[in-house]
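Read the structure below first, then the notes.
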Amino acid sequence: MESTNYKSRRIATISKLKDGIAILPAATHMTRSNDTEFDFRQNSNFKYLTGSSEPDSILVLTPHGIKKDHLFVRPNDRMQEIWAGRRLGVEKSKDIFEMDETYSLEDFDKVLPELMKGHSEIFIDLHNNDTLFNKVRKMANGLDPRNRLKVPTPKAYRHLNTIIEKQRLIKDQNEILNMKNAAAATNKAHRAAMAMASTDHTEADIHNTMNYLFKKHGASGEAYGSIVACGENGTILHYVENNAKLIDGETLLIDAGSEFNTYASDVTRTFPVNGKFSKTQREIYEIVLRAMKASFSKCSPGHTLEEVHMESVKELSKGLKELGILKESVEEIIEKNLYKEFYPHGTSHWIGLDVHDQNPYLDKDFNAIKFEKGMCFTVEPGLYFQRDNLDIPEHFRGLAVRIEDDILITENSHENLTAMIPKEIKEVEAACLEDYKQFL
């Protein structure tokens with residue numbers, strides 16, 4: 286992505302600050318155990334405004350003055366770079382990220398108080414990084430304790446993330462390209478999983494193969510903790526063990542997506558381990574697929590995520606009545622939330638730099654956000670029949686089906702970014718018959 290995109294994003298953020306100064310830290314390395322660390326992943330908002338993948342940096346945005354964006358970075362240190370990797374340093378960071386000014390992190394405590402002067406508010410993440418917040422608050426409190434300065438000093442704090450996450454709601458062409466690349470890698474992995482599923486393998490075998498294929502096709506890895514759930518494991522919405530044997534006659538529910546240049550894909554497919562849906566599995570699958578297609582009818586400008594959700598709710602409720610699992614009218618099933626025993630989650634969430642992008646769901650009047658060109662979200666209806674539910678026929682117990690795609694709103698309709706991954710029953714069964722080794 287061109288750095289000029291990041292510059293324009295920062296300008297857009299600055300325009301919302303009025304008399305406030307914004308302070309946004311990068312992510313830092315997290316300890317896994319003792320002296321080992323988790324794989325580093327950049328803070329999504331920091332990545333969005335800078336393009337930087339370096340840890341421990343701090344971005345400061347000031348609406349007043351000629352210089353408006355300031356970046357504090359780790360200085361070059363030969364010994365540290367030998368041990369832990371190269372650093373861009375102060376000068377290179379200024380050029381690469383098109384900053385008005387860059388400083389060494391070592392100068393943060395000296396420079397920030399000067400940048401604060403003339404600003405009445407501080408925009409900062411109020412929910413995380415207490416250490417930085419407390420440091421900033423102490424600096425602000427010490428600027429003018431007796432109100433002797435003739436310029437404003439910060440007296441109020443506001444949540445910065447709200448501004449940035451609203452900006453992130455509309456994806457630009459570079460972001461969409463990243464998401465399409467993530468979808469392409471995810472397609473290869475899901476197709477391989479369908480072909481690989483058999484009693485010769487385990488959930489772990491499938492999971493490991495998918496992670497390998499994500500990286501083989503250019504992604505950095507998985508965008509979230511993958512769910513690879515055979516049989517009744519699929520009724521656990523966030524199943525994470527991924528270690529059971531695959532069982533003949535059961536379905537395999539896989540919720541897995543790759544991350545490409547920090548952008549996520551999020552896809553779920555459910556298919557038979559032996560390659561052929563049973564009568565009951567087919568009935569449930571067709572209901573869920575029907576619900577997904579009904580939800581697609583609301584995926585266009587002017588509609589909302591709530592409308593998308595209700596289309597799935599209506600179709601799933603109809604299906605539960607058709608199966609004889611619920612006896613009430615469809616209207617009563619919906620009104621009394623009876624379907625929630627079998628469909629306890631929402632149909633959609635925003636997606637982008639985070640698999641669950643924290644973009645707003647309501648506007649300033651607390652109405653559901655209406656779709657606009659460039660918005661991206663998931664559609665993921667499902668039905669889950671718990672093993673211990675003795676109120677339903679035995680042949681339904683332990684079954685789970687979820688299908689999920691990633692949707693981009695276009696000028697007049699939508700584009701399904703993950704449509705290439707098989708989900709029609711004939712396509713799925715055909716994919717299960719392929720030789721998985723062709724994908725390796």
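Residue 286 is where the sequence shown starts when you use the working numbering, and the numbers rise one by one after that.
For each residue, glycine too, the CB sits at the ideal point set by N, CA and C.
Hey, out of the options, whose CA is closest to residue i's CA?
i           : options            : result
residue 470 : 520, 546, 528      : 546
residue 624 : 598, 425, 485      : 598
residue 579 : 713, 357, 632      : 632
residue 670 : 467, 650, 565      : 565
residue 663 : 702, 652, 626      : 702
residue 721 : 380, 366, 485      : 485
residue 687 : 571, 725, 427, 609 : 571
residue 351 : 371, 331, 491, 296 : 296
residue 658 : 650, 652, 698      : 698
residue 388 : 357, 368, 685, 711 : 357
residue 424 : 481, 324, 401      : 401
residue 668 : 695, 454, 568      : 568
residue 448 : 612, 330, 373, 382 : 330
residue 573 : 591, 549, 563, 600 : 600
residue 426 : 399, 446, 712, 445 : 399
residue 455 : 650, 316, 660      : 660
residue 480 : 557, 532, 544      : 557
residue 709 : 543, 531, 576      : 576
residue 543 : 493, 393, 377      : 493
Which value, in whole angstroms, describes the spacing of the CA atoms of residue i and residue j?
i           : j           : result
residue 773 : residue 528 : The question about residue 773 has no answer, for the chain in this structure spans 286 to 725.
residue 450 : residue 645 : 7 Å
residue 397 : residue 419 : 14 Å
residue 465 : residue 656 : 20 Å
residue 442 : residue 407 : 5 Å
residue 585 : residue 338 : 34 Å
residue 489 : residue 307 : 44 Å
residue 336 : residue 384 : 11 Å
residue 294 : residue 626 : 43 Å
residue 521 : residue 614 : 28 Å
residue 588 : residue 691 : 16 Å
residue 677 : residue 705 : 35 Å
residue 286 : residue 525 : Below a pLDDT of 50, predicted positions are generally treated as unreliable, and residue 286, at 46, falls in that range; the measurement from the model is reported next regardless. Roughly 33 Å between the two C-alpha positions.
residue 395 : residue 593 : 51 Å
residue 429 : residue 416 : 22 Å
residue 638 : residue 559 : 36 Å
residue 375 : residue 413 : 26 Å
residue 666 : residue 689 : 7 Å
residue 411 : residue 440 : 15 Å
residue 519 : residue 536 : 9 Å
residue 320 : residue 361 : 22 Å
residue 606 : residue 612 : 6 Å
residue 503 : residue 630 : 32 Å
residue 305 : residue 550 : 35 Å
residue 445 : residue 303 : 13 Å
residue 372 : residue 340 : 10 Å
residue 724 : residue 498 : 8 Å
residue 359 : residue 369 : 12 Å
Once you ignore the five residues that flank residue i on each side, which residues in its own chain have a CB closer than 8 Å to its CB?
i           : result
residue 582 : 596
residue 495 : 474, 475, 477, 478, 507, 511, 513, 539, 541
residue 421 : 308, 397, 407, 409
residue 591 : 653
Might you give, ordered along the chain, the residues of its own chain that have their beta carbon closer than 6 Å to the beta carbon of residue i, omitting 5 neighbours on each side?
i           : result
residue 328 : 311, 312
residue 461 : none
residue 299 : 346, 348, 353
residue 517 : 672, 683
residue 641 : 634
residue 602 : 615, 618, 619, 624
residue 379 : 387
residue 685 : 519, 520, 538, 669
residue 332 : 547
residue 509 : 640
Any idea which residues DSSP pairs residue i with across the strands?
i           : result
residue 510 : BP columns for residue 510 are empty, so no partner.
residue 530 : 487
residue 515 : 537
residue 706 : In the DSSP output, where bridge partners are listed per residue, residue 706 has none listed.
residue 701 : 692
residue 687 : 667
For residue i, collect the residues of the same chain with a Cβ closer than 7 Å to its Cβ; drop the 5 residues on either side in sequence, then sort them by chain order.
i           : result
residue 500 : 506
residue 290 : 457, 459
residue 654 : 589, 645, 646, 647, 648
residue 292 : 383
residue 323 : 315, 317
Let me know the alpha helix (DSSP H) ranges lying completely inside the region 290–363, each 4 residues or longer, listed in chain order.
329–335
Tell me the start and end of each unbroken alpha helix (DSSP H) in the region 376–425 that is at least 4 residues and wholly inside, in chain order.
Those alpha helix (DSSP H) runs which fall completely within the region 376–425 and span 4+ residues are 393–401.
In chain order, which beta strand (DSSP E) runs of at least 3 residues are fully inside the region 631–685?
661–664, 667–669
Kindly provide the ranges of any beta strand (DSSP E) runs that are 3 or more residues long and lie completely inside the region 540–588, ordered along the chain.
543–545, 553–557
Those runs of the alpha helix (DSSP H) which lie wholly inside the region 440–465 and span at least 4 residues
Under the rule that a run must span 4 or more residues, the alpha helix (DSSP H) segments found entirely inside the region 440–465 read 445–452.
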